[in-house]
Amino acid sequence: MRTRRRIFSAVMRLVLKCLRIGQRRRFWLTRRVEQVWLYGRLCLRSLLYNSFADSDAALDALFEPIYWLVDHVTRWFGVVFVVLVILLTSSVVVIVYVCLLPLVLRTYPIVWVFWHFIYGHWNLVMIIFHYYMAITTQPGCPPQVCIEDGPSLSYPSIGPDWLELILKLGSVALALGALMLWHAALITRGETSIERHINRKEKKRLRLKGKVFRNPYSYGPLGNWKVFLGIDTKRHWVTRVLLPSTHPPYGSGLSWDTPPCVAEQKTPLLAI
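Using this note's numbering, the letters of the sequence shown map in sequence onto residues 162 to 433.
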């Protein structure tokens, strides 16, 4: 009986000794790996450390390929889109003349055909003229500011049923109509989309002080539309609205004097 106890005790001591040795080796291996990691991180920081390096600089470095793509590739996007617009517009004109015009001449009365012929060609002339002016007019540029030591920085196929066609046309008409109404409201108030948010905050701020905000670039609904369309005299409604016109807009893009089509303002520009 004593012999069995001794053998069992010897076996248990041997197992405990093996476990202790394994734990020591495991701890030694863990400490070795940690030392190698700390040493490697210290070497990397010693070679690549920069006091200006932060998460923003790392993000800029990651986006550098995208910046290169924007600088070298997107310049051709304008040429491609211009060519596509010209091709699509020309295809619409060809389809109208080749396919629709013979059918219209055989179907509709001459007065109706004459009206659509005049109105359609007026639309065509205005589209071509304004698109040409949009391409050839220089957009201008803001004042140059020197910053030293800064970081480097198809025509859809015909074939859907009438219901699907009505849904598509209705969706486009709804979207364009909402966009047209939104811009018409901005023009009426003499604001841009950004100025609308700025003016709203200014109204709240001045209301708390008991003052009234006045938009310095609003000349009343009619005056704002005259400024937008460039109308100075009554004949400009024809020569500048109904007919193609190359008149420049008011102001230089950075400063705006009171246009001649509206009266001088009698209220202060901004109540502050």
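Yeah, the Cβ is synthetic: ideal placement off N, Cα and C, and Gly gets one too.
Pairs of beta-carbons, one from the segment 327-344 and one from the segment 370-383, closer than 8 Å: are there three or more?
no
For Ser-216 and Ala-222, the rounded distance between their alpha carbons:
Residue numbering aside, residue 222 sits at position 61 when the sequence shown is read from its first letter. Residue numbering aside, residue 216 sits at position 55 when the sequence shown is read from its first letter. One C-alpha to the other measures close to 10 Å.
Extract the residue ranges of the beta strand (DSSP E) inside the segment 320-354, only unbroken runs of 3 or more that lie entirely within it.
Runs of beta strand (DSSP E) with 3 or more residues, each lying fully within the segment 320-354, are absent.
Among Ala-295, Glu-195, Val-254 and Val-286, which residue has its Cα nearest to the Cα of Phe-242?
Numbered from 1 along the sequence shown, position 81 holds the residue referred to as residue 242. For the residues Ala-295, Glu-195, Val-254 and Val-286, the minimum Cα distance to Phe-242 belongs to Ala-295.
Within 10 Å of its beta-carbon, does Ile-392 have 16 or more other beta-carbons around it, so buried, or fewer, so exposed?
Walking along the sequence shown from the start, residue 392 turns up at place 231. The residue is buried, with at least 16 neighbouring Cβ atoms inside 10 Å.
Is Gly-281 helix, strand or coil when you go by DSSP?
If you number the sequence shown from 1, residue 281 lands on position 120. Looking at Gly-281 - three-state DSSP - the assignment turns out to be helix.
Pair every Cβ in the segment 376-389 with every Cβ in the segment 347-364, then say whether three or more of these pairs are closer than 8 Å.
yes
CA-to-CA distance, Val-423 to Val-255, given in whole angstroms:
What you label residue 255 is simply residue 94 of the sequence shown in a count that begins at 1. What you label residue 423 is simply residue 262 of the sequence shown in a count that begins at 1. Taking the straight line from one Cα to the other gives about 44 Å.
Consult DSSP for Lys-365 and reduce its assignment to one of helix, strand or coil.
Within the sequence shown, residue 365 is the residue found at index 204, counting from 1. Assigned with DSSP and collapsed to three states, Lys-365 falls in helix.
Would you kindly work out how many angstroms separate the C-alpha atoms of Asp-418 and Glu-352, rounded to a whole number?
To locate residue 418, count along the sequence shown from 1; it is residue 257. To locate residue 352, count along the sequence shown from 1; it is residue 191. Computed Cα separation, rounded: 16 Å.
Beta-carbon spacing of Phe-290, Pro-405 below 7 Å:
Stepping through the sequence shown from its first residue, residue 290 is reached at position 129. Stepping through the sequence shown from its first residue, residue 405 is reached at position 244. In this structure, Pro-405 lies closer than 7 Å to Phe-290 by Cβ.
Exposure of Asn-211, with buried meaning 16 or more beta-carbon neighbours within 10 Å:
For this step, residue 211 is matched to residue 50 along the sequence shown. Exposed: under 16 other Cβ atoms inside 10 Å.
Using alpha carbons as the reference points, say which of Thr-268, Phe-278 and Val-197 lies closest to Tyr-258.
Position 97 of the sequence shown, counted from the first residue, corresponds to residue 258. Measuring from the Cα of Tyr-258, the nearest candidate turns out to be Phe-278.
Leu-249 versus Lys-362, Leu-285, His-408 and Glu-225, residue with shortest Cα-Cα distance
Locating residue 249 in the sequence shown gives position 88, where the first residue counts as 1. Nearest option by C-alpha distance: Leu-285.
Boundaries (first-last residue) of the alpha helix (DSSP H) holding Ser-216:
Within the sequence shown, numbered from 1, the residue matching residue 216 stands at position 55. Unbroken alpha helix (DSSP H) run through Ser-216: 216-223.
Rounded Cβ spacing between Val-265 and Val-253 (contact assumed at less than 8 Å)
The residue labelled residue 265 in the question sits at position 104 within the sequence shown. The residue labelled residue 253 in the question sits at position 92 within the sequence shown. Incorrect: roughly 15 Å between the Cβ atoms, too far for contact.
Give every residue of the same chain whose Cβ lies closer than 8 Å to the Cβ of Arg-267, excluding the five residues on either side of it in the sequence, and list them in chain order.
Looking up residue 267 in the sequence shown gives position 106. Here the set comprises nothing.
Helix, strand or coil: which one does DSSP assign to Phe-374?
What you label residue 374 is simply residue 213 of the sequence shown in a count that begins at 1. Correct three-state label for Phe-374: coil.
Could you give the distance in angstroms between the alpha-carbon of Ile-288 and the alpha-carbon of Val-246?
In the sequence shown, the residue the question calls residue 288 occupies position 127. In the sequence shown, the residue the question calls residue 246 occupies position 85. If you draw a straight line from the Cα of Ile-288 to the Cα of Val-246, it comes to about 11 Å.
The alpha helix (DSSP H) spanning Val-240 covers which residue range?
Taking the sequence shown and counting its residues from 1, one reaches residue 240 at position 79. That run of the alpha helix (DSSP H) goes 238-256.
What three-state label does DSSP hand Val-423 in the structure shown?
Working through the sequence shown from its first residue, we reach residue 423 at position 262. In the structure shown, Val-423 sits in coil (DSSP, three-state: anything other than H, G, I, E or B).
Is it buried or exposed, Ser-313, if we count other Cβ atoms within 10 angstroms and call 16 or more buried?
The sequence position of residue 313 within the sequence shown is 152, counting from 1. Low local confidence applies: a pLDDT of 42 at Ser-313 is under 50, so the model's placement there is unreliable, with the coordinate-based value given in what follows. It counts as exposed.
Buried or exposed (CB count within 10 angstroms, at least 16 for buried), Tyr-269
For the purposes of this step, residue 269 is taken as the residue at position 108 of the sequence shown. Exposed: under 16 other Cβ atoms inside 10 Å.
Extent of the continuous alpha helix (DSSP H) to which Gly-412 belongs:
Locating residue 412 in the sequence shown gives position 251, where the first residue counts as 1. Annotation for Gly-412: no alpha helix (DSSP H) segment contains it, and DSSP assigns it neither H nor E.
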